[in-house]
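Contents: one structure, followed by commentary.
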Amino acid sequence: MFEQGVIRPPSEASSLLVRVTRNCPWNQCLFCPAYKGTKFSKRTVEEVKKDIDEMAEVYKGYKVKTAFLQDGDTLILKTEDVLEILRYLKEKFLSIERITSYARAPTLRRRTVEELKKLKEAGLTRIHVGLESGSAKVLKMVKKGITPEDIVTGGLHVKEAGMELSEYIMPGLGGKTLSEEHAKETARLLNIIEPDFIRVRTFAMHPMSPMQKMVKEGVFVPMTDEEIVAEIRLLVENLRAMHSYFSCGDFSLNLLMHVDGWLDEKKNYMLKELDKFLSLDKRQKQAYSLLRRSSYYHYPLSVVENPDVMAKIEPEIERIERAGDGAFDRYIWELMSYQLPQPQTDNWN
Ligand code: SF4
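Heads up: the sequence shown runs through residues 14 to 362, numbered per this note's numbering.
Here you go:
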């Protein structure tokens, strides 16, 4: 049976998943549980071709339109090998219109524009990159293993090659101390790169993450939903009204999933929606957080203007708060952590 990795972007939910490497070659980011407890390895072209043959059998009769190359950093393979895999995939699945992949910024920095152009011509038309933060301090604190220079140079290589670029950013990752720098530096890099998609991935902390220790030691101060919305507001305010799609709508850990649209068309609308949340009173903000974090339902902000809803939810907030100072925020963080992938080890450190 063909292999599959554990994650893919939400936009690839109906894509054929073709595993060309296993796990993540870096695997040290303190916030990321996805591949903890696993080892990185490259698969041979022959192994991948065998998987593609099996998939062609399984999906015979289906019109497969999109494919995603797994796992964490496909372009770490030799460009010639990726080209051969792309050509074979297109030969076996004639209906494929789009092939995409994750790649790390330092890998993209090492790949020349000419190499990336060849990959694009062979069918790899979109690259997904974990930017997370434009702040060198935040990147270092969470052991991301990349620099702002990697992010900019790697991103510009992709754009110059004519590929689509999807950059993932993580509000809340700098904690309270680095929040302002995190927002402004992230906006600064995105303004230079002008990616096609800016995908928001609100930070949540896994109970086993080494960042829990940083919280106990006071090195990392986690942010409330309200503080993260204010950080996103600062980020959007600092982004140019460029032709990039700013997306909160494809990830349920983002509190305000309707803050979503092209920056050159909807920047003001998005700022207004962020302000609408920030202008609610404390109880309404808590009620909205609790409603959103307790289910996957996309409640409109107006739900907390309904007195009947508030009458039902306020006693629950009071009950949670009776557990002591900060109990409500801790409750919300715990609910958020349930949505994270699980590490493949009991000993993540
Ligand atoms: S965030 Fe990306 S680079 Fe970091 S460990 Fe996870 S998969 Fe690897």
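C-beta atoms are modelled at their ideal positions from N, C-alpha and C, and glycine is treated no differently.
Heavy atom of the ligand SF4 within 7 Å of residue i beta-carbon
i: N362; result: no
i: Q83; result: no
i: R123; result: no
i: A47; result: yes
i: R117; result: yes
i: G143; result: yes
i: Q355; result: no
i: Q17; result: no
i: Q225; result: no
i: N40; result: yes
i: C261; result: no
For residue i, the first and last residue of its enclosing beta strand (DSSP E)
i: A80; result: 79 to 83
i: Y344; result: No beta strand (DSSP E) holds Y344; the alpha helix (DSSP H) holding it covers 340 to 350.
i: V380; result: Given that the chain is displayed from residue 14 to residue 362, the structure contains no residue 380 and the question cannot be resolved.
i: V31; result: 29 to 32
i: S315; result: Unbroken run through S315: none, as it is neither H nor E.
i: L178; result: 177 to 182
i: Y258; result: 258 to 260
The alpha helix (DSSP H) enclosing residue i, as first and last residue numbers
i: I330; result: 320 to 334
i: E134; result: 126 to 134
i: T166; result: 161 to 173
i: L137; result: Note, L137: premise wrong, no alpha helix (DSSP H); beta strand (DSSP E) at 137 to 145.
i: L152; result: 149 to 154
Beta-carbon spacing of residue i, residue j below 8 Å
i: L121; j: V142; result: yes
i: E128; j: T166; result: no
i: S28; j: A80; result: yes
i: V19; j: P354; result: yes
i: G262; j: M270; result: yes
i: A69; j: K105; result: yes
i: Q41; j: G158; result: yes
i: I140; j: L178; result: yes
i: L191; j: V249; result: no
i: S108; j: V77; result: yes
i: D86; j: A116; result: yes
i: S148; j: D209; result: no
i: R306; j: I245; result: no
i: K49; j: T358; result: yes
i: L252; j: L203; result: yes
i: P38; j: I112; result: no
i: D64; j: E16; result: yes
i: K285; j: L247; result: no
i: I333; j: A300; result: no
Checklist entry - What residue ranges within the segment 200 to 256 form continuous alpha helix (DSSP H) runs of no fewer than 4 residues, ordered along the chain? => result 224 to 229, 238 to 251
Checklist entry - Which ranges does the alpha helix (DSSP H) cover as unbroken runs of at least 4 residues, wholly within the segment 280 to 310, from first to last along the chain? => result 295 to 307
Item to check | Start-end ranges of the beta strand (DSSP E) lying completely within the segment 51 to 123, minimum 3 residues | outcome: Those beta strand (DSSP E) runs which fall completely within the segment 51 to 123 and span 3+ residues are 79 to 83, 111 to 115.
Checklist entry - With contact counted as at least three CB pairs below 8 Å, one residue from each stretch, are the segment 180 to 190 and the segment 198 to 218 in contact? => result The segment 180 to 190 is in contact with the segment 198 to 218.
Item to check | Meets three-Cβ-pair contact criterion under 8 Å: the segment 49 to 63 and the segment 26 to 41 | outcome: yes
Next on the checklist: Does the segment 95 to 105 come into contact with the segment 39 to 48, if we say contact requires no fewer than three beta-carbon pairs (one atom in each stretch) closer than 8 Å?
Outcome noted: no
Checklist entry - Is it true that the segment 290 to 305 meets the segment 230 to 247, where meeting means three or more beta-carbon pairs spaced less than 8 Å apart? => result yes
Item to check | Contact between the segment 273 to 284 and the segment 222 to 229 (3+ Cβ pairs under 8 Å) | outcome: no
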